[in-house]
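First residue of the sequence shown? That's 1 in my numbering, and the numbers climb one at a time after it. A virtual CB, placed ideally from N, CA and C, is assigned to each residue, including glycine. As the structure is a prediction and not an experimental result, all values here were calculated from the model. Down below is the structure, laid out as C-alpha cells.
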Amino acid sequence: MPSEIHLFNILFQPAGLSRLTGIDMTLLVNQGITARDVLGKHATRLSDAVRLAPDFSSRVAAAERWVGSMLDGSAPRDAIDFASRLLWATRGNARIDALAERSGLSARQFQRRFSKQVGLSPKLYARTIRFDAALSAHRLAPERPWTEIVHEAGYFDQAHFVRECRALTGAAPSHFIDDWESSYFPDS
1 MPSEIHLFNI LFQPAGLSRL TGIDMTLLVN QGITARDVLG KHATRLSDAV
51 RLAPDFSSRV AAAERWVGSM LDGSAPRDAI DFASRLLWAT RGNARIDALA
101 ERSGLSARQF QRRFSKQVGL SPKLYARTIR FDAALSAHRL APERPWTEIV
151 HEAGYFDQAH FVRECRALTG AAPSHFIDDW ESSYFPDS
C-alpha cells in the first residue's frame, strides 16, 4: 500500500452525465451504482488511464481527456442543459415556468425531459439548490444571522427554511448543522 492515496472527483454539470451517457438520470437517484454499471466498457478505459498516469496532475489530465473523448459523440447541449445551468447560476431562484417557455417545450414535456436528464423535477432541483446555498452560506460564515442567510437564499423567513429543511432532510437544521464540520468536512 502506498504511503499516500490521491483522490479526486469528476463533477458534471447538472445534465452533463445524461448528455455523456444517454441514461435516464431518474434511474440513478438514491442508488449506489458503480461506474461500470453507468459507463460500461468506458469505465475500464477511464480507470486504466487514471491508474497508469505517473502522478496526480497526469491522472486528472487523463480523466479530462477521457471526458473530452466521450463528449465527442454526445448529444449537443439543449434547452434542458441551459435551464439546469441557469437554475444553478441563480441558486434555484429562476422561474420554472419561464424556463419551460424559453425551452420551446410544453410545460409537461419540459418537466419530463428535465427529470430524465437531471434526475430531479425542475422544482425539486431548484429547492435543493436553494437549500444548499443557505447551508453553504452558513458553513462559510457561521457568525452571520440565519435570517440574513435564508432571505438571501430566497426563503420568506426562517420558518420557511426550517419547513424546507424538514421536507428535504427529514430533520430540523439544528439536527445536523451543529455537527456540520465533523460530519461533512472531517479533515478541513
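Query: Range of the contiguous alpha helix (DSSP H) that encloses Glu38; Result: Residue identity check: residue 38 is Val in the sequence provided, not Glu. Start and end: Ala35 to Leu39.
Query: Cβ contact check for the stretch 36 to 46 and the stretch 109 to 119: 3 or more pairs under 8 Å; Result: no
Query: First through last residue of the alpha helix (DSSP H) which encompasses Ser115; Result: Ala107 to Val118
Query: Inter-stretch contact (C-beta, 8 Å, three-pair minimum) for the stretch 11 to 29 and the stretch 63 to 77; Result: yes
Query: Extent of the continuous alpha helix (DSSP H) to which Phe82 belongs; Result: Ala79 to Ala89
Query: Distance, Asp157 Cα to Arg36 Cα; Result: 44 Å
Query: Buried/exposed call for Pro122, threshold 16 Cβ in 10 Å; Result: buried
Query: Expected contact under 8 Å - CB spacing of His138 and Ile149 to nearest Å; Result: 6 Å
Query: Straight-line Cα distance separating Glu64 from Leu11; Result: 11 Å
Query: First and last residue of the uninterrupted alpha helix (DSSP H) at Thr21; Result: Gly16 to Thr21
Query: Extent of the continuous alpha helix (DSSP H) run through Phe12; Result: Looking at the DSSP string, Phe12 is not in any alpha helix (DSSP H), and its letter there is neither H nor E.
Query: Presumed contact (8 Å Cβ cut-off) between Phe131 and Leu99, rounded CB distance; Result: About 19 Å separates the two Cβ atoms, so there is no contact after all.
Query: Buried or exposed by the 16-neighbour rule on C-beta atoms within 10 Å, applied to Asp55; Result: exposed
Query: Cutoff 7 Å; reference Trp88; Cβ partners in own chain excluding five residues on either side; Result: Pro14 and Ile129
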